[in-house]
Structures are given as C-alpha cells and as structure tokens.
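*Asks:* Numbering (the working numbering), first residue to last: 23 to 97.
Glycine is no exception: its CB is placed at the ideal position from the N, C-alpha and C atoms.
From a predicted model like this one, the values you see are computed outputs, not experimental measurements.
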Amino acid sequence: MSGHALHIDWTKCDGRGLCAEILDRALTRDDWGYPVSLRGEEGFRSDIPLRADELDAADDAVALCPVLALRRVAL
Numbered sequence: 023m024s025g026h027a028l029h030i031d032w033t034k035c036d037g038r039g040l041c042a043e044i045l046d047r048a049l050t051r052d053d054w055g056y057p058v059s060l061r062g063e064e065g066f067r068s069d070i071p072l073r074a075d076e077l078d079a080a081d082d083a084v085a086l087c088p089v090l091a092l093r094r095v096a097l
C-alpha cells in the first residue's frame, strides 16, 4: 500500500458511483449504488487503502465527485 487512502464522507455520498467506475480495482457498488471496498479487509468502509498506482485515479475521483464526498488522506 502507498500510505494513502480514499476517504468517503457518508454524510455527503449519495451513491452516484463515479468513484467506483474510476477506481474499479479498489471499489465496487452495492445494490443501491454506494461504493464498497474490494480490498477484502473487514472495516475498510470509510478509508479505502490505495496502492501507489491508484493515486492519480483517486485524485480524479476526488475532483469529479459531484457531491464532494471524497478526499485522499494519509494513513
């Protein structure tokens, strides 16, 4: 892992799913369209660990989120 995570603010997220399309190796969507981690570790619901090769895509997801529910954070 790169020492960074994608933080999802659940008070803002409304399940549009753009982040899951951009970060398709890290996220999928649940039945309602909300992002779900593909990392497999239990507990990664709000802070999804990112690999070094996903940082640019994560920055794109943050910039393109229509409800500003995402930010990249250091672990």
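1) Can you name the start and end residues of the alpha helix (DSSP H) that Ala27 belongs to?
2) Is it buried or exposed, Leu97, if we count other Cβ atoms within 10 angstroms and call 16 or more buried?
3) Thinking C-beta only, is Leu86 closer than 7 Å to Leu122?
4) List the whole-angstrom C-beta distance separating Arg94 from Leu28, where the pair is believed to meet the contact cut-off of C-beta under 8 Å.
5) Among all the DSSP beta bridges, which residues are the ones paired with Ala96?
6) Can you give me the C-alpha to C-alpha distance between Arg61 and Val89, rounded to a whole angstrom?
*Replies:* Taking the definition as stated:
1) No alpha helix (DSSP H) contains Ala27, which is instead part of the beta strand (DSSP E) from 26-30.
2) exposed
3) Lying before the first or after the last residue shown, residue 122 is absent from the chain, which here runs from 23 to 97.
4) 6 Å
5) His26
6) 24 Å
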